[in-house]
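Report on the structure given below.
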Amino acid sequence: MMNTIIDITDPVLQFLESHRNTWTDYNIPFTDGVVLEELILKNNSKTILEIGTSSGHSTIWLAKAAEKTGGKVITIEMDINRFEKAERNFKNAGVDHLIDIKLGDAMEIIPTLRENFDFIFSDATWNTQQHDGYINFFKKCEPKLNIGGLFTMHNVTDGYGDDGRFFDYLKLLGNFKTHIIKASTAGISVSEKLY
3 MMNTIIDITD
13 PVLQFLESHR
23 NTWTDYNIPF
33 TDGVVLEELI
43 LKNNSKTILE
53 IGTSSGHSTI
63 WLAKAAEKTG
73 GKVITIEMDI
83 NRFEKAERNF
93 KNAGVDHLID
103 IKLGDAMEII
113 PTLRENFDFI
123 FSDATWNTQQ
133 HDGYINFFKK
143 CEPKLNIGGL
153 FTMHNVTDGY
163 GDDGRFFDYL
173 KLLGNFKTHI
183 IKASTAGISV
193 SEKLY
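As structure tokens, this is what we get:
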């Protein structure tokens with residue numbers, strides 16, 4: 003990853019630091035937030051989509067990066083309680099102007115989005131009974147991912163995410179280059195769309 007210079011006077015970072023050990027509701031670890039920010043900055047991503055807002059920890063990291071690239075974040079959450087917590091957290095962190103949060107089922111919302119994206123972060127939980135859920139999710143996103151864009155997914159090494167079918171599907175497609183970053187036990191897969 004990049005050697006990021008940390009600005010300790012950054013009010014968003016101060017918010018994240020002050021809440022570092024208080025996030026619940028399936029939010030990502032702090033270390034994974036740092037990874038997401040670095041990926042966006044390295045790739046100068048401006049159009050960012052997040053699937054699975056929870057109460058907004060990862061979204062704040064995405065918005066922190068988007069502010070530096072001149073970008074914006076669209077995030078989707080289906081649980082009303084987490085949605086409302088996230089809205090409050092965005093305002094308290096001072097990044098609400100960078101975020102468009104949508105309430106509903108991402109599988110229904112994604113096809114309605116007009117934007118194409120430079121960066122997609124999937125942190126949604128699928129029912130384990132659903133066959134090929136992560137693949138079906140990816141199929142909704144892939145047409146909206148720009149060439150050179152990154153599709154990232156959380157929980158790829160801790161047993162909460164995909165069981166391997168998603169990565170097998172990417173290999174079959176042949177136009178994605180994938181690696182895994184393990185800053186935490188959860189792991190983040192990073193798949194670049196080559197063509």
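Using the numbering used here, read the sequence shown as starting at 3 and increasing by one per residue. Yeah, the Cβ is synthetic: ideal placement off N, Cα and C, and Gly gets one too. Since the structure is predicted, the reported quantities are computational estimates derived from the model, not experimental observations.
* To do: Pull up the CB-CB distance for G166 and D120, whole angstroms please, since I reckon it's below 8 Å.
  => Position 164 of the sequence shown holds residue 166. Position 118 of the sequence shown holds residue 120. Not quite, the Cβ-Cβ distance comes to about 27 Å (not below 8 Å), so this is no contact.
* Examine the Cβ distances between the stretch 152-161 and the stretch 68-80 and report whether three or more of them are shorter than 8 Å. => no
* Asked: Based on the DSSP output, what are the partners of V37 in its beta bridges?
  -> Here residue 37 refers to the residue found at position 35 of the sequence shown. Answer is none; V37 lacks a bridge partner.
* **C-beta contact flag for I42 and T77 at 8 Å** => Here residue 42 is taken as the residue at index 40 of the sequence shown, counted from 1. Here residue 77 is taken as the residue at index 75 of the sequence shown, counted from 1. Going by C-beta atoms, I42 is not nearer than 8 Å to T77.
* Relative to the C-alpha of A65, which residue among S57, D98, R116, D12 is closest? -> Your numbering for residue 65 matches position 63 in the sequence shown. Cα-wise, what sits closest to A65 is D98.
* **Limits of the unbroken alpha helix (DSSP H) element including H59** => Within the sequence shown, numbered from 1, the residue matching residue 59 stands at position 57. Start and end: 59-71.
* Asked: Nearest to D160 by CA position, among C143, F139, I182, is which residue?
  -> Taking the sequence shown and counting its residues from 1, one reaches residue 160 at position 158. Nearest of C143, F139, I182 to D160, Cα basis: I182.
* To do: With a threshold of 16 other CB atoms inside 10 Å of the CB of T187, please say whether the residue is buried or exposed.
  => As a first step, residue 187 must be located in the sequence shown, where it is residue number 185. T187 is exposed by the Cβ-count criterion.
* To do: Count the CB pairs spanning the stretch 33-42 and the stretch 79-87 that are closer than 8 Å, and state whether there are at least three.
  => no
* For V192, the three-state DSSP class (helix, strand or coil) -> Along the sequence shown, one-based indexing puts residue 192 at 190. Three-state DSSP puts V192 in a strand.
* Mind reading off the beta-carbon distance from K146 to I112? Whole number of angstroms is fine, and I expect it under 8 Å. => Locating residue 146 in the sequence shown gives position 144, counting from the first residue. Locating residue 112 in the sequence shown gives position 110, counting from the first residue. 7 Å between Cβ atoms; contact.
* To do: Put L18 into one of helix, strand or coil per three-state DSSP.
  => Along the sequence shown, one-based indexing puts residue 18 at 16. It is helical.
* Asked: Can you tell me whether DSSP reads E117 as helix, strand or coil?
  -> Here residue 117 is taken as the residue at index 115 of the sequence shown, counted from 1. Coil, per DSSP.
* What is the DSSP secondary structure of M80, counted as helix, strand or coil? -> As a position in the sequence shown, residue 80 is number 78, starting the count at 1. Coil.
* In whole angstroms, what is the alpha-carbon distance linking Q131 and H21? -> Mapped onto the sequence shown, residue 131 falls at position 129. Mapped onto the sequence shown, residue 21 falls at position 19. A caution first: Q131 carries a pLDDT of 45, below 50, which makes its placement in the model unreliable, though a value can still be read off. Between Q131 and H21, the C-alpha separation is close to 34 Å.
* Beta bridge counterpart(s) of L147 as assigned by DSSP -> Walking along the sequence shown from the start, residue 147 turns up at place 145. Answer is F119.
* Asked: Applying the criterion that 16 or more other CB atoms from any shown protein chain within 10 Å of the CB defines a buried residue, is G176 buried or exposed?
  -> Reading the sequence shown from its first residue, position 174 is the one you call residue 176. Looking at its Cβ environment, which holds fewer than 16 other Cβ atoms inside 10 Å, G176 is exposed.
* Environment of E79 [buried if 16+ CB atoms lie within 10 Å] -> As a first step, residue 79 must be located in the sequence shown, where it is residue number 77. By the 10 Å Cβ count, E79 comes out buried.
* **Distance between L174 and N46 (C-alpha atoms, nearest Å)** => As a working note, residue 46 is residue 44 in the sequence shown. As a working note, residue 174 is residue 172 in the sequence shown. Their Cα atoms are separated by approximately 28 Å.
* Where the alpha helix (DSSP H) through I111 begins and ends -> Within the sequence shown, residue 111 is the residue found at index 109, counting from 1. I111 -> alpha helix (DSSP H) spans 108-111.
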